[in-house]
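The opening position of the sequence shown corresponds to residue 165 in our numbering, with each subsequent residue numbered one higher. Note that CB positions come from ideal geometry on N, CA and C, so glycine has one too. Keep in mind that this is a model prediction, so the values were computed, not measured.
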Amino acid sequence: MIEPHANLQPRNRFAIEFVRWIALSWVAMGCALLPSFGTPQEASNLYQERENRQAASPAKPSPSATPIAPLPSFNSPQLDQQIRTYQRYLAANGRPDFLIVGSSRALQGVDPIALEKALAELGHSNRRVYNFSINGSTAQVVAFKLEQLLLPEQLPRMIIWADGARAVNSGRRDRTFANILNSPGYRQLQRQHQSTTQSNASLNAPTEPAPTPADPWLETQGFRPIVDVFEPKQYFQKFPRVSGRYDADYHNFSLTGIQDRSLREIIKTTRDRKIPIIFVNLPLTDLYLDSTRHRHEQQFRRYFQGFANQGLLTFIDLNQQPMPPYSLFADPSHLNRQGAIAVAESLGQKLATYLDRLQGKSALLNRNMICRRTGTSTNLR
165 MIEPHANLQP
175 RNRFAIEFVR
185 WIALSWVAMG
195 CALLPSFGTP
205 QEASNLYQER
215 ENRQAASPAK
225 PSPSATPIAP
235 LPSFNSPQLD
245 QQIRTYQRYL
255 AANGRPDFLI
265 VGSSRALQGV
275 DPIALEKALA
285 ELGHSNRRVY
295 NFSINGSTAQ
305 VVAFKLEQLL
315 LPEQLPRMII
325 WADGARAVNS
335 GRRDRTFANI
345 LNSPGYRQLQ
355 RQHQSTTQSN
365 ASLNAPTEPA
375 PTPADPWLET
385 QGFRPIVDVF
395 EPKQYFQKFP
405 RVSGRYDADY
415 HNFSLTGIQD
425 RSLREIIKTT
435 RDRKIPIIFV
445 NLPLTDLYLD
455 STRHRHEQQF
465 RRYFQGFANQ
475 GLLTFIDLNQ
485 QPMPPYSLFA
495 DPSHLNRQGA
505 IAVAESLGQK
515 LATYLDRLQG
525 KSALLNRNMI
535 CRRTGTSTNL
545 R
């Protein structure tokens, strides 16, 4: 039975070790959470502009557009349910500050409530987080959500894309996006976009009934907590141990192709809308990372680090030595609820540092502008 979502602190020594492990990994990498667009001055000005706009807006903004017609199913019961849940969330809270996107690894691997709590404890209260992840999501699926499914007014202030190498492998068959592409919901969405010159085709709940039984945990903030604990001996008695060589998710592994193009579209979209994007490489077990997957993981790291070096996004690599304990996993490649809390708490520390840094730079930039007008010195010691 799933426990109530009240006590969000890790309750065993392994979770605490995991938080320490993440911190040590970041220190070892020298990974600073930097703005994913432009210069520090641009980031600071943008942050101040968004803060002012948020302060001037009502706590619960009205819907941003009138729906043309309800959308039918997208051939994904989980996506259909996420759409319904996110629509209710927007109506009650307005757009979130942080939107988590990704596959099942993010859906059960980053706890939005724990992230809100971590930010509040570090001085950033009232930050709203929603987890809009679905099973099997890829770069194509994320691009579809950000560019076609959601209106600009429904997008967050920051995007956290939590996943791994499988999400950008153009050599594998993208079943999830293929199902969406061939769905009645997608066809109607395209007709709506073609029939209007304005973006008034807002996010609409699918008209088809929710899957039975619906996942009750997706009724809050999109997160799906899993309480299973990975025990290798018992797990591999029930499930076969598949080597990376025969894993369909790594089939014909390639970082060039449709997923790469989709990633670049995501970067362009978020930069045009001045929304920072952070890619979090979620942890895996050592049993999962055999020689084949490890080789592809190294390729994937270099690939994303290249984007980060260009200032196009921020890359946080949590899949580092030493490996986290099995007690924080539900299976070889998915975190359980305690792992999701530990990731959220540590990620909250990085995000709080990021927000503090931008707020500090905004204050300094404002002071510089005043001093230039008055001719006073801005040297700080």
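Proximity to residue i [Cα-Cα], best of the options
i: Pro-241; options: Leu-263, Val-293, Asn-343; result: Asn-343
i: Leu-279; options: Leu-453, Phe-493, Gln-385; result: Gln-385
i: Ala-331; options: Phe-417, Gln-513, Asp-244, Thr-456; result: Phe-417
i: Met-487; options: Leu-263, Arg-501, Tyr-452, Lys-514; result: Tyr-452
i: Glu-285; options: Arg-521, Ser-510, Leu-522; result: Ser-510
i: Pro-489; options: Phe-394, Gln-423, Gln-462; result: Phe-394
i: Ser-268; options: Tyr-253, Leu-283, Ala-255, Gly-300; result: Gly-300
i: Thr-304; options: Asn-239, Leu-263, Ser-426; result: Strictly speaking, residue 304 in this sequence is Gln, with Thr absent from that position. When only C-alpha atoms are compared, the closest one is Ser-426.
i: Leu-254; options: Gly-512, Leu-314, Leu-492; result: Leu-314
i: Gly-408; options: Ala-472, Leu-419, Pro-389, His-458; result: His-458
i: Pro-396; options: Phe-493, Leu-519, Ile-442; result: Phe-493
i: Ile-441; options: Phe-387, Leu-476, Gln-423, Glu-311; result: Leu-476
i: Gln-423; options: Leu-519, Arg-337, Asn-239; result: Arg-337
i: Gln-358; options: Pro-236, Arg-521, Gln-312, Leu-345; result: Gln-312
i: Pro-236; options: Gly-503, Val-507, Gln-251, Pro-348; result: Pro-348
i: Leu-310; options: Phe-387, Ile-439, Asn-473, Gln-356; result: Ile-439
i: Asn-346; options: Phe-238, Arg-428, Phe-479; result: Phe-238
i: Ala-508; options: Thr-302, Gln-462, Gln-474, Pro-389; result: Pro-389
i: Leu-243; options: Ala-506, Phe-308, Gln-356; result: Phe-308
i: Ala-504; options: Ile-298, Phe-387, Ser-289; result: Phe-387
i: Arg-437; options: Ile-323, Ala-506, Asn-290, Ile-298; result: Ile-323
i: Phe-471; options: Arg-252, Ser-289, Phe-443; result: Phe-443
Bounding residues of the beta strand (DSSP E) (the contiguous stretch that carries residue i)
i: Asp-436; result: Careful: Asp-436 lies outside any beta strand (DSSP E), inside the alpha helix (DSSP H) at 422-436.
i: Phe-443; result: 441-445
i: Asp-411; result: Counting along the chain, Asp-411 falls outside any beta strand (DSSP E), and DSSP gives it neither H nor E.
i: Leu-263; result: 262-265
i: Ile-277; result: From DSSP, Ile-277 is part of no beta strand (DSSP E) but of the alpha helix (DSSP H) over 276-285.
i: Val-332; result: Element bounds for Val-332: n/a, residue is neither H nor E.
i: Asn-295; result: 293-295
i: Phe-479; result: 478-481
Span of the alpha helix (DSSP H), counted from its first residue to its last, around residue i
i: Asp-244; result: 241-257
i: Phe-400; result: 396-402
i: Phe-464; result: 455-473
i: Thr-449; result: Where Thr-449 is concerned, there is no enclosing alpha helix (DSSP H), given that its DSSP letter is neither H nor E.
i: Ile-340; result: Note that residue 340 is Thr in the sequence shown here, rather than Ile. Per DSSP, Thr-340 belongs to the alpha helix (DSSP H) from 339-345.
i: Arg-269; result: 268-271
Opposing strand residues paired with residue i [DSSP bridges]
i: Ile-323; result: Leu-263, Ile-441
i: His-357; result: In DSSP, His-357 forms no bridge with anything.
i: Phe-308; result: Looking at the DSSP assignment, Phe-308 forms no beta bridge with any residue, so it has no partner.
i: Asp-495; result: His-498
Exposure of residue i, with buried meaning 16 or more beta-carbon neighbours within 10 Å
i: Gly-287; result: exposed
i: Thr-249; result: buried
i: His-460; result: buried
i: Gly-524; result: exposed
i: Val-406; result: exposed
i: Asn-333; result: buried
i: Thr-517; result: exposed
i: Val-265; result: buried
i: Ser-455; result: exposed
i: Thr-340; result: buried
i: Gln-398; result: exposed
i: Ala-282; result: buried
i: Ile-277; result: buried
i: Lys-514; result: buried
i: Thr-420; result: exposed
i: Val-391; result: exposed
i: Gly-512; result: buried
i: Gln-401; result: exposed
i: Pro-404; result: exposed
i: Asp-520; result: exposed
i: Ser-502; result: Checking the displayed sequence, the identity of residue 502 turns out to be Gln instead of Ser. Gln-502 should be labelled buried.
i: Gln-246; result: buried
i: Gln-356; result: buried
Proximity test, residue i beta-carbon vs the ligand SAM heavy atom, cut-off 7 Å
i: Arg-521; result: No copy of the ligand SAM occurs in the structure displayed, which carries no ligand at all.
**Message:** Under 8 Å, with one C-beta from each stretch per pair, do the segment 440-458 and the segment 472-488 reach the 3-pair mark?
**Reply:** Touching, per the Cβ criterion.
**Request:** Mind the definition here: the segment 465-476 touches the segment 494-503 only if three or more C-beta pairs lie below 8 Å; say whether that holds.
**Result:** The segment 465-476, when compared against the segment 494-503, does not touch it at the 8 Å Cβ threshold.
**Message:** Check whether the segment 269-285 and the segment 322-330 touch, using three or more Cβ-Cβ pairs below 8 Å as the test.
**Reply:** With contact defined as three or more Cβ pairs closer than 8 Å, the segment 269-285 and the segment 322-330 are in contact.
**Prompt:** Three or more C-beta pairs closer than 8 Å, one from the segment 289-302 and one from the segment 245-260: is that the case here?
**Reply:** The answer is yes - the segment 245-260 touches the segment 289-302, with three or more Cβ pairs under 8 Å.
**Request:** Evaluate the contact criterion for the segment 313-323 versus the segment 399-415: three or more CB pairs, one atom per stretch, below 8 Å.
**Result:** Judged by Cβ distances under 8 Å, the segment 313-323 makes no contact with the segment 399-415, as fewer than three pairs qualify.
**Asked** Touch check for the segment 413-432 and the segment 350-359: three-plus C-beta pairs under 8 Å?
**Response** No, the segment 413-432 is not in contact with the segment 350-359.
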